[in-house]
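Trainee:
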């Protein structure tokens, strides 16, 4: 296991300024970061895994130590497969902490050599979530202060396609 590689997992549907803040801060802490998009058969994201990978790659292109991939299955096994020693998780509110701590404990039980680090969101992003951005955008609201411009453009295009009436 190498301390040089960390995994930042999530659905990133879509990537927001809150996600980007965590990615940028983690990029200063670790030699390499994999932004890992979880693909779950029971979830129905707005953007496909391929679309999410492309969006994230574009918004992090200024960070040379970031790679973006999709994975399915247990995160902790994906981390072991990649030989990552650290999982990075962003925290917004106390309910995030309770949930994330439970997951971190389970992961540590399964693979004690892989640790979890929590990065609190910046105050200005404390309320921000991808689901909030999707909800606002789905009603035609302005999300330009919550997501990068290319993500906002992708939301407009995607929502125009998915909300067309026959």
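In our numbering, the protein residues as written are 13 to 178.
All residues carry an ideal CB built from backbone N, CA and C; glycine is no exception.
Beta carbon of residue 127, beta carbon of residue 98: below 8 Å?
Mentor: Locating residue 127 in the chain shown gives position 115, counting from the first residue. Locating residue 98 in the chain shown gives position 86, counting from the first residue. Yes. Within cutoff.
Trainee: Would residue 87 and residue 21 qualify as a contact pair, given that the criterion is a beta-carbon distance under 8 Å?
Mentor: Along the chain shown, one-based indexing puts residue 87 at 75. Along the chain shown, one-based indexing puts residue 21 at 9. Yes.
Trainee: Any idea if residue 159 is buried or exposed, counting beta-carbon neighbours within 10 angstroms, 16 or more meaning buried?
Mentor: Within the chain shown, residue 159 is the residue found at index 147, counting from 1. With 16 or more other Cβ atoms within 10 Å, it is buried.
Trainee: Taking the alpha carbon of residue 171 as the reference point, which residue from 57, 108, 136, 70 has its own alpha carbon closest?
Mentor: Sequence index remark: in the chain shown, residue 171 carries index 159 (1-based). Out of 57, 108, 136, 70, 57 has the C-alpha closest to the C-alpha of residue 171.
Trainee: Would you mind reading off the limits of the alpha helix (DSSP H) that contains residue 43?
Mentor: The sequence position of residue 43 within the chain shown is 31, counting from 1. Taken as a continuous stretch (DSSP letters only), residue 43 belongs to no alpha helix (DSSP H), as it is neither H nor E.
Trainee: At what residues does the beta strand (DSSP E) containing residue 71 begin and finish?
Mentor: The count along the chain shown starts at 1 and reaches residue 71 at position 59. From DSSP, residue 71 is part of no beta strand (DSSP E) but of the alpha helix (DSSP H) over 61-71.
Trainee: So residue 96 and residue 35 are in contact, right, with Cβ under 8 Å, and what is the actual spacing, rounded?
Mentor: The count along the chain shown starts at 1 and reaches residue 96 at position 84. The count along the chain shown starts at 1 and reaches residue 35 at position 23. That belief does not hold up - the Cβ atoms of residue 96 and residue 35 are roughly 15 Å apart, past 8 Å.
Trainee: Which parts of the region 109-175 are runs of the beta strand (DSSP E), unbroken and 3 residues or longer, counting only runs that do not cross its ends?
Mentor: With a minimum length of 3 residues, the continuous beta strand (DSSP E) runs that stay inside the region 109-175 are 127-132.
Trainee: With burial defined as no fewer than 16 other Cβ atoms inside 10 Å of the residue's Cβ, what is the status of residue 90: buried or exposed?
Mentor: Counted from its first residue, the chain shown places residue 90 at position 78. The residue in question, residue 90, is buried, as its Cβ has 16 or more Cβ neighbours within 10 Å.
Trainee: Roughly how many whole angstroms lie between the Cα atoms of residue 152 and residue 125?
Mentor: In the chain shown, counting from the first residue as 1, residue 152 sits at position 140. In the chain shown, counting from the first residue as 1, residue 125 sits at position 113. For residue 152 and residue 125, the distance between alpha carbons rounds to 46 Å.
Trainee: My output table needs one value for residue 101: the three-state DSSP class, helix, strand or coil.
Mentor: As a first step, residue 101 is located in the chain shown; it is residue number 89 there, counting from the start. If DSSP states are grouped into helix, strand and coil, residue 101 belongs with the strands.
Trainee: Do the CB positions of residue 82 and residue 44 come within less than 8 Å of each other?
Mentor: Counted from its first residue, the chain shown places residue 82 at position 70. Counted from its first residue, the chain shown places residue 44 at position 32. For residue 82 and residue 44, no; Cβs fall outside 8 Å.
Trainee: Are the region 102-114 and the region 127-143 touching, with three or more C-beta to C-beta distances below 8 Å?
Mentor: In short, these stretches touch, since the Cβ pair count reaches three.
Trainee: Can you tell me whether DSSP reads residue 17 as helix, strand or coil?
Mentor: What you label residue 17 is simply residue 5 of the chain shown in a count that begins at 1. Here residue 17 sits in strand by DSSP.
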